[in-house]
Amino acid sequence: MEFAETFVDQGYVILRGFVPSETAKALKDIAADDKVMAANAYARTDAAGRQSKVTLWYEPGDDVFGRLSCSDKMIGAVGACLGGEAAFFHAKLMQKEARSGGAWEWHQDYGYWYDDGFLSADMASCYVALDPATRENGCLMVMPETHRYGRLRHVAVGEQTGADMARVEALQSRHETVYVELDPGDAVIFHSNLLHSSNPNLSQTSRWGLISSFFRGDNESVLDDPRFRKKAIEPVPHDEIMAGAKGSDPGKVFLSVS
Ligand SMILES: O=C(O)CCC(=O)C(=O)O
């Protein structure tokens, strides 16, 4: 099966070696040294009180992280999955620290993005692993094919928004749970209605990853908010990702969470 068909069928597809492992390691080092990234990180507490850090921005920016989101390979792969133009929505650095990083409750991204004015769930995200993502350090977990059930009701869980647990449990009895274990540089593209979550990181190693999110070009938000509208994006040749600034573009607009 071709990768876009797997995405349509299963709701996600793993692309091994999406970026070379050396590039992923270099991105991790740059992110770890990036003071702007750290200053804009916010923490989200899970139901057990553990925290996970996120830094989220709405303009790709002319830096190595923005260039990854805009690489012709990423835009092309996500566009093929969505069956149309992949328009950049936002990107984020997920920072699940060793021994402490919190869980992410079962949810659909469209559970959140509906409220940002997107009329349909023709949206997807691409997670690129900067660290190994393993069962032990709280890798992404997905329930294949659950993107077919439409948007579920979401409720507050700790500081997060999770899908209605009665529905999640019913779906768990029909669908397996897959641990998406990745090496640095591997990627997974997942549909905005796919149920996904991750366990806390109680291991000795951090689990960082970059997630770039997109809407299909004909599914621009109806809200009058530039963060959710189409941005002028110049695709970057995939092998030129590292030619950008080696730290966050200070002109970026970050999500600020109090
Ligand atoms: O990084 C994770 O563990 C979860 C990420 C996630 O659920 C999301 O970005 O929607």
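Numbered as in the numbering used here, the sequence shown ends at 613 without a single skipped number. Glycine is no exception: its CB is placed at the ideal position from the N, C-alpha and C atoms.
Boundaries of the alpha helix (DSSP H) harbouring A379: 376-388, taken from the DSSP string. In the structure shown, M449 falls within a strand segment according to DSSP collapsed to helix, strand and coil.
Residue state for C494 is assigned as coil, using DSSP reduced to three classes. Looking at the DSSP output, Q406 bridges to T400. With a cut-off of 7 Å, the C-beta of S553 is classified as near ligand 1, since at least one heavy atom of the ligand falls inside that distance. Relative to ligand 1, the beta carbon of G564 is positioned inside 7 Å of a heavy atom. For M449, the Cβ falls inside the 7 Å cut-off from some heavy atom of ligand 1. Contact between C436 and A359 holds: their C-beta atoms lie close to 5 Å from each other, under 8 Å. Between A403 and A476, the C-beta gap is not smaller than 8 Å, which leaves the two residues out of contact.
Cβ-Cβ distances below 7 Å link G466 to R506, L507, H509, T516, A518 in the same chain, with the five nearest sequence neighbours on each side left out; the list follows chain order.
Taking every protein chain shown into account, the CB of P581 has fewer than 16 other CB atoms within 10 angstroms, so this residue is exposed.
Boundaries cannot be given for V535, as no alpha helix (DSSP H) includes it and DSSP labels it neither H nor E. In this structure, DSSP gives S576 a state outside helix and strand, which the three-state scheme calls coil. S568 sits away from H462, with the two beta carbons spaced by 8 Å or more.
The DSSP-derived three-state label of C436 is helix.
Counting C-beta pairs closer than 8 Å gives three or more between the region 592-601 and the region 363-381, which meets the contact rule.
Under the DSSP assignment, V368 falls outside any alpha helix (DSSP H), being part of the beta strand (DSSP E) whose first and last residues are 367-370. Close CB contacts of I430 within its chain, under the 7 Å cut and outside five residues either way in sequence, are with A441, P590 (chain order).
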